[in-house]
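In this note's numbering, the protein residues as written are 32 to 367.
Ideal Cβ positions, reconstructed from N, Cα and C, are used throughout, including at glycine.
What you are looking at is a predicted structure, and each value in this text was computed from that prediction instead of being measured.
Single-structure report; data block below.
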Ligand SMILES: [Zn+2]
């Protein structure tokens, strides 16, 4: 069991050894790896939180705190992040709000828990910390090493990824291990990407289908590392995190992020085949699967595929091609 880190330990491990990565950045990645053990078990403790009280707030609040480069969360509150001279605070506020408004407008969901959960986002966590996390009650973002990652709040899809862990915590409650762990990470990438697509009115054809492209630093770009992950091509050379994209490549000993490319790619394939806005079609299907009664903490890929196909039939009874494209996508990644 391990708390989500937006940049997976597999990526941190190779970056701190790669000769193309400057030594200052290698040190930052090495330090970030040390957090993996520190947070062991924390995610599991939060996963089993009791259901929230309903209707605590009709308008979810978003607060931004400043850790001042310490490892203490939440840190000190920033009173008016929208007027703050620190662009990091503004990014954290605006991208967090975008995700919360996306959940409200598209899924009629009142914040992460559907009960008006107050969202706290901490910036400037630790020193040159090239990562971000959801700790069960809030998000926190480092400043990045500066060369591989500019700043961890620069990318709206990466911010959305972390917030979506809160959504999973209050819905599917997927464990952070095995296939359920991979699904947990995949759901975060898919909802992070959809919130970005929604903000820009991107269709499945015009969307970038990558995570983290806006936070890549100069040295990363020089090396043609253009994103953290890709839903379109999980094995892309230009992606820092090479992931399995077919079930035959599922690694039972891998980190959840290493295997989440399988369902990421299925979502991409289905959305691309259908066309239009992904949040209007498979976004609703995925949300229905996460909030329904069939999903359970150890859901496998095969079970999840079956649940999403049921949802596609239920939500689009007179548009059978929605289900058919989804079936084709799960077959293409070898899950069914
Ligand atoms: Zn994650």
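Among all the DSSP beta bridges, which residues are the ones paired with residue 36? If you number the chain shown from 1, residue 36 lands on position 5. Answer is 164.
List, from N- to C-terminal side, the beta strand (DSSP E) runs of 3 residues or more that fit wholly inside the region 146-205. 150-154, 163-165 and 170-172
Between the CA atoms of residue 366 and residue 334 - distance to the nearest angstrom: By one-based count along the chain shown, residue 334 stands at place 303. By one-based count along the chain shown, residue 366 stands at place 335. Whole-angstrom Cα-Cα distance: 9 Å.
Skipping 5 residues on each side, what residues in its chain have a beta carbon closer than 7 Å to that of residue 100? To locate residue 100, count along the chain shown from 1; it is residue 69. So the qualifying residues of the chain are 155, 157 and 158.
What whole-angstrom Cβ distance do residue 180 and residue 134 have, given they're in contact under 8 Å? Here residue 180 is taken as the residue at index 149 of the chain shown, counted from 1. Here residue 134 is taken as the residue at index 103 of the chain shown, counted from 1. With 8 Å as the limit, residue 180 and residue 134 do not qualify as a contact, their Cβ atoms being about 26 Å apart.
With the cut-off set at 8 Å, would you say residue 168 and residue 127 are in Cβ contact? In the chain shown, counting from the first residue as 1, residue 168 sits at position 137. In the chain shown, counting from the first residue as 1, residue 127 sits at position 96. Cβ distance not < 8 Å, so residue 168 and residue 127 don't count as in contact.
In the DSSP assignment, find the alpha helix (DSSP H) that holds residue 97 and state where it starts and stops. As a first step, residue 97 must be located in the chain shown, where it is residue number 66. No alpha helix (DSSP H) contains residue 97, which is instead part of the beta strand (DSSP E) from 93-97.
Residue from 332, 44, 58 and 317 with nearest C-alpha to residue 292: Taking the chain shown and counting its residues from 1, the one referred to as residue 292 is at position 261. Checked all of 332, 44, 58 and 317; the closest Cα to residue 292 is 332.
Cβ pair count under 8 Å reaching 3, the region 195-204 against the region 260-271: no
Might you give, ordered along the chain, the residues of its own chain that have their beta carbon closer than 7 Å to the beta carbon of residue 91, omitting 5 neighbours on each side? Stepping through the chain shown from its first residue, residue 91 is reached at position 60. 131, 141, 142, 147, 148, 149 and 150, listed in sequence order.
So, do the region 344-353 and the region 218-229 have three or more beta carbon pairs nearer to each other than 8 Å? Contact between the region 344-353 and the region 218-229 is absent, because fewer than three Cβ pairs lie under 8 Å.
Taking residue 294 and residue 194 to be in contact with their CB atoms under 8 Å, please state how far apart those CB atoms are, rounded to whole angstroms. Your numbering for residue 294 matches position 263 in the chain shown. Your numbering for residue 194 matches position 163 in the chain shown. 19 Å between Cβ atoms; not a contact.
Could you check where the alpha helix (DSSP H) with residue 280 kicks off and where it finishes? Within the chain shown, numbered from 1, the residue matching residue 280 stands at position 249. Looking at the DSSP string, residue 280 is not in any alpha helix (DSSP H), and its letter there is neither H nor E.
For ligand 1, which residues have a Cβ under 6 Å from at least one heavy atom, in chain order? 35, 37, 192, 196, 216 and 219
Looking only at C-alpha atoms, which of 196, 296, 46 and 301 sits nearest to residue 57? For the purposes of this step, residue 57 is taken as residue 26 along the chain shown, with counting starting at 1. Taking the Cα of residue 57 as reference, the smallest distance to any Cα among 196, 296, 46 and 301 is reached at 46.
Sequence ranges, beta strand (DSSP E) only - wholly within the region 300-334, length at least 3: If one requires a minimum length of 3 residues, no beta strand (DSSP E) run lies completely within the region 300-334.
With residue 241 and residue 178 assumed to form a contact (beta carbons below 8 Å), what rounded beta-carbon distance in angstroms separates them? Counting from one through the chain shown, the residue named residue 241 turns up at place 210. Counting from one through the chain shown, the residue named residue 178 turns up at place 147. Contact doesn't hold; Cβ gap of about 19 Å is too wide.
Would you kindly report the start and end of the unbroken alpha helix (DSSP H) that includes residue 222? Mapped onto the chain shown, residue 222 falls at position 191. 209-231 is the span of the alpha helix (DSSP H), which, as asked, contains residue 222.
Nearest to residue 338 by CA position, among 122, 358 and 118, is which residue? As a first step, residue 338 must be located in the chain shown, where it is residue number 307. Out of 122, 358 and 118, 358 has the C-alpha closest to the C-alpha of residue 338.
On the three-state DSSP scale, how would you describe residue 44? Looking up residue 44 in the chain shown gives position 13. Secondary structure at residue 44: helix, using DSSP grouped into helix, strand and coil.
Quick check: the Cα distance between residue 319 and residue 50, rounded to an integer number of angstroms? Against the chain shown, residue 319 aligns to sequence position 288. Against the chain shown, residue 50 aligns to sequence position 19. Distance between the alpha carbons of residue 319 and residue 50 is about 45 Å.
Opposing strand residues paired with residue 247 [DSSP bridges]: The residue you call residue 247 lines up with position 216 of the chain shown. Paired residues: 180.
Touching by the beta-carbon criterion (3+ pairs, under 8 Å), the region 271-280 and the region 300-309: The region 271-280, when compared against the region 300-309, does not touch it at the 8 Å Cβ threshold.
Let me check one thing: in DSSP terms, what residues is residue 345 bridge-paired to? To locate residue 345, count along the chain shown from 1; it is residue 314. Paired residue(s): none; residue 345 is not in a bridge.
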